[in-house]
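Numbering of the sequence shown is given in this note's numbering, commencing with residue 42 and proceeding in unit increments.
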Amino acid sequence: MSMVYPLSRDKFEVRWNRTPESPHEVARIILFDGVVVGKIASFVAEDAVCVGYLIAQDHWGKGIATQALRMFIDLFEHRPLIAHAAKSNIGSCRVLEKCGFVKVDERDSPETERYMACVEVIYELR
């Protein structure tokens, strides 16, 4: 669940505007200097409450993901909270570790319609 193919605008809007199925589903946009640069959301997958985030590539390396995740985990108190990152995505792994997530597993993740195949690291925040 860590290296995603982009959604079409229509699919994104359907997903963004749907009614959450669980109180554990929370989504927020990420602003930087008043401009939307990403999103962060919690969701239920594999019977766990997970968090995921996307930042526009031209805004990588500015600390935006770290700040957004810190704010989100302060707002969203459910624990444990699970996150997945591609092992090759060193920046995302670092964001999770700076925010207190601990590596708990590593696995091969197959390609799906939505996700790219990769070695995936699973993190947990207690």
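In this text, a Cβ means the ideal position worked out from N, Cα and C, and glycines have one as well.
Remember, predicted model here, so these are calculated numbers, not experimental data.
- A residue is called buried once 16 or more other Cβ atoms fall within 10 Å of its Cβ, and Phe113 is buried on that count.
- Your pair Tyr164 and Phe142 checks out as a contact, with CB atoms roughly 4 Å apart and the cut at 8 Å.
- DSSP links Phe73 through a beta bridge to Val76.
- Distances from the alpha-carbon of Ala109 to those of Lys139, Glu62 and His65 put Lys139 closest.
- Out of Val162, Cys91, Asp74 and Val77, the CA that lies nearest to the CA of Lys128 is found in Val162.
- With respect to the C-alpha of Trp101, the residue from Val67, Phe84, Val78 and Leu137 having the closest C-alpha is Val78.
- When only Cα atoms are considered, Ser150 and Gln98 end up about 23 Å apart.
- Each of Asp115, Asn130, Leu116 and Leu137 was checked against the Cα of Ala124, and the nearest Cα belongs to Leu137.
- Remark: C-beta atoms of Ser63 and Val85 approach each other more closely than 8 Å.
- Annotation note: the segment 73-134 contains the following uninterrupted beta strand (DSSP E) runs of length 3 or greater, listed N- to C-terminal: 76-86, 89-96 and 122-127.
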